[in-house]
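Residues 33 to 588 in the working numbering are what the sequence shown lists, from first letter to last. Ideal placement from N, C-alpha and C gives every residue a C-beta, glycine not left out. In this text the structure is predicted, and so the values were computed from the model without any measurement. This report concerns only the one structure given below.
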Amino acid sequence: MSALQSVAGKGHATGREIYDVVVVGAGFAGMYMLHKLRGLGLSVRVYEQGGDVGGTWYWNRYPGARCDVESMQYSYSFSDELQQEWDWSERYAPQPEILKYANHVADRFKLRSDIQLDTRVDRAVFDESANSWQVAISDGNTVTAKHVVLATGCLSNARMPDIKGLADFVGKVYHTGHWPHERIDFTGQRVGVIGTGSSAIQSVPIIAEEASHLTVFQRTANFSIPARNAALSAEERRSWRADYPEIQRKAREETRNGIFTEMPDRGALDDGDNERRAKYEQRWTRGGLTFMSVYNNLALDKAANDTAADFVRHKIAEIVKDPHTAKLLQPNNHPIGSKRICIDSDYFATFNRPNVTLVDIKSNPIEAILPNAVRAGDKDYEVDALVLATGFDAMTGSVAKIDIRGRNGQTINQKWAEGPKTYLGLMSAGFPNLFIITGPGSPSVLSNMIVSIEQHVDWIADCLAWMRDRDLVTMEAKKDAEDSWVAHVNEVAHTTLYPQANSWYMGANIPGKPQIFMPYIGGVAIYRQTCNDVAAKGYEGFTMSVAERPQKLAAS
Ligand SMILES: Cc1cc2nc3c(=O)[nH]c(=O)nc-3n(C[C@H](O)[C@H](O)[C@H](O)COP(=O)(O)OP(=O)(O)OC[C@H]3O[C@@H](n4cnc5c(N)ncnc54)[C@H](O)[C@@H]3O)c2cc1C
C-alpha cells in the first residue's frame with residue numbers, strides 16, 4: 033500500500049487524484065523514474081507533453097540525428113535482460129532506432145498505463161498546510177502529489193531565434209528540436225541552415241545531398257571530430273556485453289564523463305611534438321568523443337588544450353579545399369571542448385560541394401529574414417526553406433516554463449533569477465519534495481546522460497523509500513548546504529577552461545539569461561560518491577519533517 037491513499041483511475045484526471053509522485057516528462061529519465069517508483073509500490077503519474085515517450089528522441093527527428101555517445105554505452109543498465117536482448121545496429125544509433133528503443137522499454141516494462149501523453153504540466157504549487165503539491169495539467173485538471181519529479185530534460189526547450197521578419201518568411205521553417213514526423217524532402221530546394229552546433233553539424237551533410245543549394249549561416253565555428261560511424265557486428269556487441277559489469281562500473285566510478293575509455297595518465301605537454309601528433313592522429317582515426325580523453329589536462333591547461341585545438345584546425349584546413357572557407361570553419365574563439373564538442377560524418381568535407389555556401393554571420397550578422405531570403409551583410413541569400421539549428425534554452429528552460437511555486441508562494445523563476453541554485457542539482461531550498469533529474473549543479477550535460485539519469489533516479493528512489501520507512505513527509509534542501517554547493521560548482525568550473533567559452537553551458541546563447549556555469553564539472557565519479565555520502569549521513573544538508581500524529585483523545 034502506498035504512503036498516500038491513491039484514488040487515481042487509469043484514464044484522464046477527474047480532479048480527485050492523489051499520487052505519491054507526479055513525474056513530469058517521459059524521456060529516458062521519466063520512464064526509468066516511473067519503473068523504479070512502481071517497484072517501491074508508490075502510486076505514480078507521468079505527464080508528457082509530447083505524443084509519445086522518448087523525449088529528445090521523440091522531438092529531434094532532423095536528418096542525421098543520432099547519439100554521439102556510442103550506442104553500447106548510450107543504453108540503460110538497470111535491467112540486464114534489457115541490455116542483453118537489445119541489438120544496436122550501429123556504433124552511433126540513428127534517432128529512429130533510439131526512439132524505437134524508448135518505445136521498447138515502455139512496452140517491455142508496461143509503463144504506458146501510468147503515462148499520460150499530450151499533457152503539459154503548467155503549474156505546480158506547494159500546499160504548506162498539506163505538505164503536498166497541487167499540479168495543474170493542460171487538460172484542465174489539477175492533481176495532488178506528495179512529491180514531484182521534474183524529468184523535463186536539459187535540452188528540451190527549443191530556442192527560436194528572434195530575427196526580424198521570420199514570421200513573414202513564405203517557405204517552410206523547421207527547428208531541428210521540433211522536427212515534423214513525416215520525412216522532409218529538400219530535393220530541388222534552396223535551403224538555409226542557421227546555426228552550426230551539434231544538430232547542424234549532423235544534418236548539414238545530409239541536407240546538402242538533397243538540396244539544390246544549401247547556405248549555412250555560421251556565427252561560431254565549432255570543433256568537431258569524425259564519428260567514424262559503422263555497423264556494429266554481432267561479435268562487437270557480444271564483446272561489449274560480456275564486459276558490461278566492469279565497463280559500467282568504471283564509467284560510473286572512475287570517469288568524469290560517464291564514458292568508458294582508457295584513462296589518460298599524462299598531460300599533453302609531457303609528450304614531444306611527434307608523439308603527441310601520433311596520439312591525436314590515432315584518436316582522430318578512431319573517431320568519437322574520446323578524442324578529448326587522450327590527455328588528462330586538455331580541459332585544464334590552455335597550452336595543452338592549444339595542441340589539440342591546433343591539431344583539429346589543421347585537419348579542417350586539410351579537408352576543406354577553399355582556404356577562405358577552411359579559415360572560417362576553424363574555431364578560434366574558445367578552447368577545444370569548452371563548448372560541447374561535436375561528432376560528425378563528413379561535415380567539413382560537405383563545404384567542398386559546389387552546392388554549399390558558408391556565410392559568416394559573425395562579421396555580417398543576419399539583419400532580417402525576407403519572404404524568400406536571408407539578408408546578412410547587405411546581401412540577400414535566396415532560400416525556399418529554413419532550418420533553425422539554434423539549439424535550446426538549456427538546463428533551466430523547461431523548468432522555467434512551468435509555474436512552480438514553493439514556500440511562501442516564491443516561484444522557481446524568482447529564486448533562480450540570477451542563475452539556478454540547487455543542492456547537488458537535485459533540489460532547491462524553499463521547494464520541498466520537488467526533485468530534478470540531471471538538474472543544474474549536477475554533471476548532466478557534461479556526461480553520458482544515461483549514466484547520470486540512472487544515478488539520479490536510483491538516489492531519488494532510495495531517498496523516498498528512506499522517508500517512507502521513517503514516516504517523513506517533507507524533504508527540503510537547506511539554504512546553507514545549497515549555498516556551499518553552488519559555490520563549489522562555480523569554483524570547480526573556474527579551475528577549468530570551460531567558462532572561457534560563450535557556451536550554452538553558461539547560458540550565453542539566450543539573450544538576458546544569467547551567465548553562470550550550470551553543470552557540475554567535478555565528474556560523475558566524484559559526484560556519485562558525494563551523493564552517496566550525503567545519503568549515508570542521513571541526507572546531510574536536507575531538512576526532513578515528520579507527519580503530525582493525530583492528538584490522542586483525552587480519557588473521559
Ligand atoms: C540531438 C540531441 C542529441 C543528443 N545526444 C546525446 C548523446 O549522444 N549522449 C548523451 O548522453 N546525451 C545526448 N543528448 C542529451 C539527451 O537530452 C539525453 O541523453 C536524454 O535523452 C535526456 O533524457 P531526459 O528524459 O532527461 O530528457 P528529455 O529526453 O529531454 O525528455 C524530457 C521530456 O519532458 C517533457 N516535458 C518538458 N516539460 C514538460 C512539461 N511541462 N509537461 C509535460 N512534459 C514536459 C518533454 O516534452 C520531453 O519529452 C542529446 C540531446 C539532443 C537534443
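| request: In angstroms with no decimal places, state the Cα-to-Cα distance between A331 and P531. | output: About 11 Å.
| Contact check, L66 vs I147 under 8 Å by CB: the rounded distance? | About 7 Å; that satisfies the 8 Å criterion.
| query | Which word fits S588, buried or exposed, when buried means at least 16 other C-beta atoms lie within 10 angstroms of its C-beta? | reply | Only weak support exists for where S588 lies, its pLDDT of 33 falling under 50; the value from the coordinates is given anyway. With fewer than 16 other Cβ atoms within 10 Å, it is exposed.
| task | State whether the segment 275 to 288 contacts the segment 418 to 427, with contact taken as three or more CB pairs (one from each stretch) at a distance under 8 Å. | result | Result no; under three Cβ-Cβ pairs closer than 8 Å.
| query | Is V202 near ligand 1, going by C-beta to nearest heavy atom under 7 Å? | reply | no
| field | Proximity below 8 Å, CB of G96 to CB of Y90 | value | no
| Can you find at least 3 beta carbon pairs, one from the segment 181 to 188 and one from the segment 54 to 65, that sit closer than 8 Å? | yes
| said: With a threshold of 6 Å on Cβ separation, who are the neighbours of R385 within its own chain once the five nearest residues in sequence on each side are excluded? | reply: A240
| query | Q547 and D376: beta carbons closer than 8 Å? | reply | no
| Which residues does DSSP pair with P258 in a beta bridge? | DSSP lists D376 as partners of P258.
| field | Simplified DSSP state of G87, which is helix, strand or coil | value | coil
| request: Please classify E49: is it buried, with 16 or more other beta-carbons within 10 angstroms of its beta-carbon, or exposed? | output: By the neighbour-count rule (16 or more Cβ atoms within 10 Å), E49 is buried.
| message | One question on the structure: do P464 and M507 come within less than 8 Å of each other, judged by their Cβ atoms? | response | yes
| field | Pair within 8 Å by beta-carbon distance, I542 and R191 | value | yes
| message | Once DSSP output is grouped into helix, strand and coil, what is the label at V223? | response | strand
| request: Round the Cβ separation of T454 and E514 to the nearest angstrom and send it over; I've been treating them as touching at under 8 Å. | output: 7 Å
| In three-state DSSP terms, what is F158? | strand
| query | Taking three-plus beta-carbon pairs below 8 Å as touching, is the segment 357 to 367 in contact with the segment 244 to 262? | reply | yes
| message | Please classify V202 as buried or exposed, where buried requires at least 16 neighbouring CB atoms within 10 angstroms. | response | exposed
| task | Out of I485, N440 and E268, state which residue places its alpha-carbon closest to the alpha-carbon of E122. | result | E268
| request: Please report how far the alpha carbon of D194 lies from the alpha carbon of L246, in whole angstroms. | output: 22 Å
| request: Go ahead and pull the three-state DSSP assignment for S325. | output: helix
| request: Let me know the secondary structure DSSP gives E572 once reduced to three states. | output: coil
| By DSSP, does R98 sit in helix, in strand, or in coil? | strand
| Integer-rounded CB distance, given that F158 should sit under 8 Å from R439 | 6 Å
| field | G96 beta carbon near ligand 1 (any heavy atom closer than 7 Å) | value | no
| Cα-Cα separation between A579 and A340, rounded to whole angstroms | 57 Å
| Relative to the alpha-carbon of L131, which residue among V489, V326 and M63 has its alpha-carbon at the smallest distance? | M63
| Within 10 angstroms of its Cβ, does Q561 collect 16 or more other Cβ (buried), or is it exposed? | exposed
| said: Cutting at 8 Å between CB atoms, please list the residues of its own chain near A567, excluding the five before and the five after it. | reply: W491, D494, C495 and W498
| task | Could you tell me which residues DSSP pairs with V180 in its beta bridges? | result | V54 and L466
| said: On the DSSP bridge list, what partners appear for V344? | reply: Answer is none; V344 lacks a bridge partner.
| said: Quick check on DSSP: helix, strand or coil for E294? | reply: coil
| request: Give the single residue among D112, T470 and D200 whose Cα lies nearest to the Cα of W272. | output: D112
| Should C186 be listed as close to ligand 1, given that the test is whether its C-beta is under 7 Å from any heavy atom? | yes
| Applying the criterion that 16 or more other CB atoms from any shown protein chain within 10 Å of the CB defines a buried residue, is G570 buried or exposed? | G570 counts as exposed, since fewer than 16 other C-beta atoms from the protein chains shown sit within 10 angstroms of its C-beta.
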